[in-house]
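Peer 1: Can you read through this structure? Questions will come right after.
Numbering (the working numbering), first residue to last: 5 to 353.
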């Protein structure tokens with residue numbers, strides 16, 4: 005009996021030492037939060053280093069000193085800043101464990117590429133979710149994140165001519181929940197129903213209790229319906245890109261477009277078009293509506309795959325045509341005509 009106790013003690017001691025070693029290694033080589041975010045997502049331990057990266061503001065004017073670095077945790081925009089560009093990108097980073105760690109400035113390289121060789125300037129605001137809980141927790145760790153971030157986007161919407169939301173996976177979920185507040189919103193592989201996540205995601209990638217999962221579902225539905233039925237006081241468009249051959253994406257998509265294993269009903273009130281991806285399709289550059297695009301891919305990390313094959317930037321440029329940033333704007337008449345079309349289902353999952 006005594007031997008078993010000693011064996012159990014040694015096992016516990018070894019496990020503790022392993023975690024302590026990993027913790028010290030992460031603290032020493034924290035980089036941009038790559039390893040630290042993985043450890044935090046797995047253990048649910050809060051780290052001040054990650055909280056400092058909840059927000060990263062990158063103004064086009066590199067001489068702007070209006071936004072203190074210390075304001076990252078509790079985001080309070082400086083309303084007196086006079087250096088703003090006409091356009092603001094707001095990027096929501098994805099999950100840590102599965103997709104490779106929180107990147108402080110996710111999408112920054114793509115933004116620069118879009119505006120290369122143009123005179124267009126843009127500011128960028130990069131968000132991360134230290135708790136990996138679909139941005140549903142606010143900086144005080146209360147489940148008020150949705151209200152917190154929506155109010156923030158509303159405020160920035162009064163400070164900029166155009167607000168563009170972009171995100172993938174878990175970040176794409178937040179884009180879909182707030183798209184009615186922006187000018188253009190682009191979501192890659194968004195998770196619209198956290199309950200449908202696979203086991204490895206629940207263990208290693210994202211944390212969302214059942215009650216909060218319902219918040220995600222309801223807000224996504226309300227936002228998509230509001231955009232599709234044109235209930236906003238401004239034009240706004242939401243583009244959702246999913247991988248047609250990904251089982252995880254299929255489960256998420258069926259909740260909106262209908263069908264699937266459980267023969268779910270189509271949410272026609274939320275959809276303007278559902279199409280196989282075609283970069284030349286007129287809906288790619290429309291300024292209103294909810295448009296779902298399916299790609300012949302089996303990867304959940306669709307944006308990364310598109311970037312590796314040099315197809316991401318042309319796609320983003322097409323979407324941003326409607327914002328008048330360096331590209332021709334589609335006429336309002338043509339746009340309204342396209343919005344009146346019936347929901348098109350051109351895909352079989």
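Backbone N, C-alpha and C define an ideal beta-carbon position, used for all residues, glycine too.
Hey, residue 293 and residue 277: beta-carbon distance below 8 Å or not?
Peer 2: Taking the chain shown and counting its residues from 1, the one referred to as residue 293 is at position 289. Taking the chain shown and counting its residues from 1, the one referred to as residue 277 is at position 273. Cβ atoms of residue 293 and residue 277: closer than 8 Å.
Peer 1: Please classify residue 9: is it buried, with 16 or more other beta-carbons within 10 angstroms of its beta-carbon, or exposed?
Peer 2: On the chain shown, position 5 is the one that residue 9 refers to. With fewer than 16 other Cβ atoms within 10 Å, it is exposed.
Peer 1: Using CA atoms only, rank isn't needed, just tell me which of 137, 50, 83 and 87 is closest to residue 64.
Peer 2: Walking along the chain shown from the start, residue 64 turns up at place 60. Nearest of 137, 50, 83 and 87 to residue 64, Cα basis: 87.
Peer 1: For residue 331, which residues of its own chain have a beta-carbon under 6 Å away from its beta-carbon, when the five flanking residues on both sides are left out?
Peer 2: By 1-based counting over the chain shown, the position of residue 331 is 327. Note that residue 331 scores a pLDDT of 45, beneath 50, so its modelled location is shaky; the value from the coordinates is reported in the next line. So the qualifying residues of the chain are 325.
Peer 1: Which two residues bound the contiguous alpha helix (DSSP H) that contains residue 52?
Peer 2: Your numbering for residue 52 matches position 48 in the chain shown. Segment 52-55, the alpha helix (DSSP H) holding residue 52.
Peer 1: CA-CA distance, residue 189 and residue 16?
Peer 2: The residue labelled residue 189 in the question sits at position 185 within the chain shown. The residue labelled residue 16 in the question sits at position 12 within the chain shown. Computed Cα separation, rounded: 48 Å.
Peer 1: Report yes if the CB atom of residue 178 is closer than 8 Å to the CB atom of residue 139, and no otherwise.
Peer 2: As a first step, residue 178 is located in the chain shown; it is residue number 174 there, counting from the start. As a first step, residue 139 is located in the chain shown; it is residue number 135 there, counting from the start. Yes, Cβ-Cβ distance for residue 178 and residue 139 is below 8 Å.
Peer 1: To which residues of the same chain is residue 62 closer than 6 Å at the C-beta, ignoring the five residues directly before and after it?
Peer 2: Taking the first residue of the chain shown as position 1, residue 62 is located at position 58. The residues are 128.
Peer 1: For residue 125 and residue 115, I'd like the C-alpha separation in whole angstroms.
Peer 2: Position 121 of the chain shown, counted from the start, is the residue given in the question as residue 125. Position 111 of the chain shown, counted from the start, is the residue given in the question as residue 115. Going from the Cα of residue 125 to the Cα of residue 115 covers about 10 Å.
Peer 1: Can you tell me which of 25, 92, 256 and 291 puts its alpha carbon nearest to the alpha carbon of residue 162?
Peer 2: Here the question's residue 162 lines up with position 158 in the chain shown. Here the closest residue by C-alpha is 92.
Peer 1: Going along the chain, which unbroken runs of the beta strand (DSSP E) with 3 or more residues stay wholly within the region 193-270?
Peer 2: Whole beta strand (DSSP E) segments, 3+ residues: 241-247.
Peer 1: Measure how close the beta-carbons of residue 310 and residue 297 come, nearest whole angstrom, since I'm counting them as under 8 Å.
Peer 2: As a first step, residue 310 must be located in the chain shown, where it is residue number 306. As a first step, residue 297 must be located in the chain shown, where it is residue number 293. Between residue 297 and residue 310 the Cβ distance is about 11 Å, and since that is not below 8 Å, they are no contact.
Peer 1: Count the other CB atoms within 10 Å of the CB of residue 71; is the residue buried (16 or more) or exposed (fewer)?
Peer 2: Sequence index remark: in the chain shown, residue 71 carries index 67 (1-based). It is buried - the Cβ of residue 71 has at least 16 other Cβ atoms within 10 Å.
Peer 1: With distances taken from CA atoms, which of 270, 235, 132 and 307 is nearest residue 56?
Peer 2: Reading the chain shown from its first residue, position 52 is the one you call residue 56. Out of 270, 235, 132 and 307, 132 has the C-alpha closest to the C-alpha of residue 56.
Peer 1: Determine the DSSP secondary structure at residue 171, reduced to helix, strand or coil.
Peer 2: Against the chain shown, residue 171 aligns to sequence position 167. Three-state DSSP puts residue 171 in a strand.
Peer 1: What residue does the alpha helix (DSSP H) around residue 304 start on, and which one ends it?
Peer 2: Here the question's residue 304 lines up with position 300 in the chain shown. Residue 304 -> no alpha helix (DSSP H), and no H or E assigned at all.
Peer 1: At what residues does the beta strand (DSSP E) containing residue 92 begin and finish?
Peer 2: By one-based count along the chain shown, residue 92 stands at place 88. 91-96 is the span of the beta strand (DSSP E), which, as asked, contains residue 92.
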